[in-house]
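Following this note's numbering from start to finish, the sequence shown increments by one per residue and tops out at 154.
Built from N, CA and C at the ideal position, the CB exists for glycine as well.
If you're wondering where the values come from, they're calculated on a predicted model, not measured in any experiment.
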Amino acid sequence: MNLLYLQNNSSFRNGMELNKRQLSTILLIALPIIAIIIGGSAIFILINSLQDRPPVIYTPVHSDLNASTPIQIDVTVTDDRAVNSVTLTYTNNSWVNSYDVSMINLLNRWSGLIPAQDNETTLLFQIKALDSGGNLAINNNNSNYFTLFIVSYN
1 MNLLYLQNNS
11 SFRNGMELNK
21 RQLSTILLIA
31 LPIIAIIIGG
41 SAIFILINSL
51 QDRPPVIYTP
61 VHSDLNASTP
71 IQIDVTVTDD
81 RAVNSVTLTY
91 TNNSWVNSYD
101 VSMINLLNRW
111 SGLIPAQDNE
121 TTLLFQIKAL
131 DSGGNLAINN
141 NNSNYFTLFI
151 VSYN
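What follows is the structure in structure tokens.
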């Protein structure tokens, strides 16, 4: 955590300038302020600096792998502030072409659909998440990518 000290119109000098006029701007851009203490002519602002951490992307799970049926991918993504977006990127031809699917959030559980694929298709995919602080996380299974093989049994 960081502590900013502001007195009259002086500025905080430890790598950051701040005056009273800028205080309202800070509140508007939603810095993670934990406390504001006003005493006499001084203002102390306690700021949570944990927003530097990227989101955490857990291991994704998928629906049944049947040819001609869309594949649902679900993944839990958490962040110390807020997750802005989660994208599923997949390929069915070893990354010659790749496709992005914007995932939909329901209580930190993000879901996306890969369109139906032909029988005996191998899919590789990864999950990317962006938080409200602009931090990007990628879970690509330690550069091995997540692999799905489509098989239909008749």
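Delimiting residues of the beta strand (DSSP E) encompassing residue 139: 136–139
Three-way DSSP call (helix, strand, coil) for residue 28 in this model: At residue 28 the pLDDT is 42, less than 50, meaning the model places this residue with poor confidence; the figure from the coordinates comes in the next sentence. Looking at residue 28 - three-state DSSP - the assignment turns out to be helix.
Can you look up residue 52 in the DSSP assignment and give me helix, strand or coil? helix
Residue 65, DSSP secondary structure in three states: coil
Can you give the Cα-Cα distance for residue 138 and residue 126, rounded to whole angstroms? 7 Å
Three or more beta-carbon pairs under 8 Å between the region 89–99 and the region 51–63, yes or no? no
DSSP state of residue 129, grouped into three classes? strand
Suppose contacts are defined by Cβ-Cβ distances below 8 Å. Is residue 72 in contact with residue 124 by that definition? no
Rounded straight-line distance, which links the Cα of residue 60 to that of residue 67: 20 Å
Expressed to the nearest angstrom, what Euclidean distance is found between the alpha-carbon atoms of residue 75 and residue 143? 18 Å
In the DSSP assignment, what are the bridge partners of residue 73? 62, 112
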